Each structure stands twice: as C-alpha cells, then as structure tokens.
Amino acid sequence: MTATILDGRAVAETLRAELRAESATLAARLGFTPILAIVSVGDDPAARSYVAGIRRACERTGIACRPLELPLATTAVGLRAAIDELNADRGVCGVLATLPLPPHLPTSVIADSLAPEKDIDGITTTNAGRLAFGWPTFAPNTPAGGMEMLRRYNIPIAGNHAVVVGRSGIVGKPMALMLLAADATVTICHRRTPNLAAIVRGADIVVTAAGRARLITGAMLKPGATVIDFGINFPEWAGGKMVGDVDFASALPVAGAITPVPGGTGPVTNMMLMRNTLAAARTLLDGA
Ligand code: NAD
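Just add 35 to the spot in the sequence shown (first one is 1) and you have my numbering.
The following block contains the structure:
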C-alpha cells in the first residue's frame, strides 16, 4: 500500500481560482477592492519573506495588499494607535500581524485591540475564545488550511481519533479545537508526553506541529492513518532541504494519506487568509 499524497499545491490552486472569482464579484458590489493590511514591527527577514508570500497570494486572488512596516522602536501605544486606524478604515477588511512581535511588545497589544471582524488570522482574544467555544469565527490560518486539506480529500473526521502533536496557540491547539468541533475524539501531545509512539499508533488522523524532523516514523502509525504534517525543518542531514516532522519515506507505505513537505499544508495556508479577507468584506455588504 502507498499513501495518497495530499497535494497542497493543487488544493491551493483550486481555492485560488474560486476566491479570484469571488473577489471580482465582491469588488464590483462593494465599489472598491477589499484591502488586507499586514502589520510588521521591525525588520525581520523571516517576516519579510512571509509578507512577500502573502502579497503574491493577494495579487493572484484580486485582493489589495497594504503592508505597514513600523519601526522597531514602536511602543505599545504607537502600535495600538496604528491598529485603531486600521480598525476605523472601512476599506481595510482584514488585518494580519507578523508574529512574534519584538520582545518589548506583547502579542496582547494586538490580540486585545484588533477588531475581531478584521482579525483574519484568529489571534484576537475574542476569536480565540469563540474557537474554544466551538462557535463560527476566523481561525488561525495554518490549522484552518489543515482542516481544508482533510475536507477537500473527503477524509472522515467525525468519530475518528485524531492525535495532535504540538500545543502552540497558533497551530497545535487551534487544530485540536477545530478537529473537536468536527466531532473527532482528540488527544493533544507535547514535549512532556510520555509514550508518544503508543498514542500516535491509536490515531486515525495524526497531525504534527512540533518542529522536530523525523519525530514521527512509519512504525508509529496505524496502517491507513491520515497524516497532516505542519513541521518545517531544515536538519543538517537533509543537506539544507526542507522536511516535515514525519519521516516521509517510512510513513508512505503505512499511511492511508499524507501531506508532503514541502507542497502539503504550506501552500494552503495563505489561501485561508485570502478566504477570510473576502468573508470579512462580505459582511460589509450584509451590513450595508
Ligand atoms: P512551537 O515551537 O510554538 O510549538 C511546538 C510544539 O511541539 C510545542 O507544543 C511542543 O510541546 C511540541 N513538541 C516539541 N518537541 C516535541 C516532541 N519531541 N514530542 C512531542 N511534542 C513536541 O511551534 P509552532 O509555531 O506551533 O510550529 C510548529 C511547526 O509548524 C514548526 O516546524 C513551524 O515551522 C511549523 N509551521 C508551519 C506552518 C505551515 O504553514 N505549514 C505555519 C506555522 C508553523
């Protein structure tokens, strides 16, 4: 048996075509092109490359992108003022912040001040709370992309056992909440979990967001399990190539379906931001 490859590039391309059509219709009805604003503080190369990827996704889906690069010396008051301005700007439908912020700025500055209806990455306390309650909301885009992969490939979730490895607030924990909302039985594992292999072996769906290359091997999987790998690692042994948390070669003959790295969860992530921006824009029509 060889696992079905869950092709993130193909899913992202389908989404892009759907969203492009929707953005054109929306812009015509609104009388303006919805704007996605991206707030960055300081000059971090990783954030720059993230922003460049989002800009490309915006161009390809017909959304206007407005990067806002604030100086490293920006204070909490200054950042809150910038967020307030974006909150008040009707043309700005979605606001994204590149995280982490510099050490002198707690994430709560944004999480507590961004308008939840513009929080397309689900980082505000309101939207995170709504997700925890299982209510409709904007969820963090990386795990939302993982859920999209499961749905597009018709992987059954309800009643199945999902094991999520990693409990960060932006990937592992929201993924676990979304699987729970979709009626999976969910186990969350983290760096202090003993017997990871035994727990993973009981999973119908394995999700990894640990940032540890080769953490999950084929021998740890239940035959036929679905594997969603969010890991991004560049270990020395891979000669500078990007690999996930799953040992792909040993997992492939055991799993039923698996996301490759690269080309799995990554490409779908930015499309979730585009989808949420358009959903936020649509609410302007509802309120008109
Ligand atoms: P994080 O460092 O905040 O969290 C890692 C989690 O993994 C922690 O909860 C930790 O307890 C757990 N963990 C670490 N080692 C473990 C071990 N040996 N056994 C079990 N659990 C272990 O990282 P994050 O921000 O959640 O990101 C996780 C991974 O996902 C990283 O590789 C990151 O680069 C990647 N990522 C991918 C995307 C995407 O679009 N695909 C987006 C964001 C992050």
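Virtual Cβ for every residue (Gly too), placed ideally from N, Cα, C.
None of the values given here were measured: they were computed from a predicted structure.
With 16 other Cβ atoms within 10 Å as the buried cut-off, status of residue i
| i | result |
| --- | --- |
| N189 | exposed |
| D264 | buried |
| P295 | buried |
| S84 | exposed |
| N305 | buried |
| D154 | buried |
| N311 | buried |
| G20 | No answer is possible for residue 20: the residues shown for the chain start at 36 and end at 323. |
| V278 | buried |
| A286 | buried |
| M210 | buried |
| V112 | exposed |
| D321 | exposed |
| P80 | exposed |
| L107 | exposed |
| D239 | buried |
| P175 | buried |
Residues near residue i in its chain [Cβ-Cβ closer than 6 Å; skip 5 each side]
| i | result |
| --- | --- |
| V289 | G253, L256 and P258 |
| R249 | D282 |
| T109 | V76 |
| A62 | T68 |
| T39 | A292 |
| H225 | R202 |
C-beta atoms of residue i and residue j nearer than 9 Å
| i | j | result |
| --- | --- | --- |
| D124 | I70 | yes |
| L313 | D156 | no |
| A163 | A146 | yes |
| E53 | T318 | no |
| G181 | T300 | yes |
| N268 | R247 | yes |
| V206 | T160 | no |
| G201 | V241 | no |
| V199 | L214 | yes |
| D280 | I251 | yes |
| R95 | V127 | no |
| R51 | A87 | no |
| A167 | L212 | yes |
Residue closest to residue i, alpha-carbon to alpha-carbon, out of the options
| i | options | result |
| --- | --- | --- |
| G194 | G180, A219 and G126 | A219 |
| N140 | I223, G77 and E271 | It is Leu, not Asn, that sits at residue 140 in the sequence shown. Looking at the Cα atoms, G77 is the closest of the given residues. |
| F173 | A316, K276 and A284 | A316 |
| E183 | V221, A81 and G43 | G43 |
| T133 | L105, V278 and V112 | L105 |
| A244 | A167, K208 and V303 | K208 |
| T261 | P171, G126, L136 and P191 | P191 |
| R90 | L166, D79 and A72 | A72 |
| A82 | R95, P137 and P171 | P137 |
| T142 | R165, G204, P297 and G298 | G204 |
| V221 | L41, A284, E57 and A197 | A197 |
Close Cβ partners of residue i (< 7 Å) along its chain, the five nearest in sequence each way excluded
| i | result |
| --- | --- |
| R115 | V144 and S148 |
| A324 | As displayed, the chain neither begins before 36 nor continues past 323, which places residue 324 out of reach and without an answer. |
| A47 | P302, V303 and M306 |
| G37 | A small fix is needed here, since residue 37 is Thr in this sequence, not Gly. Within the same chain, T37 has close Cβ partners L287 and P288. |
Contacting residues, own chain, Cβ-Cβ under 8 Å from residue i (five flanking each side not counted)
| i | result |
| --- | --- |
| A331 | Since the first and last residues shown for the chain are 36 and 323, residue 331 lies out of range. |
| A59 | G97 |
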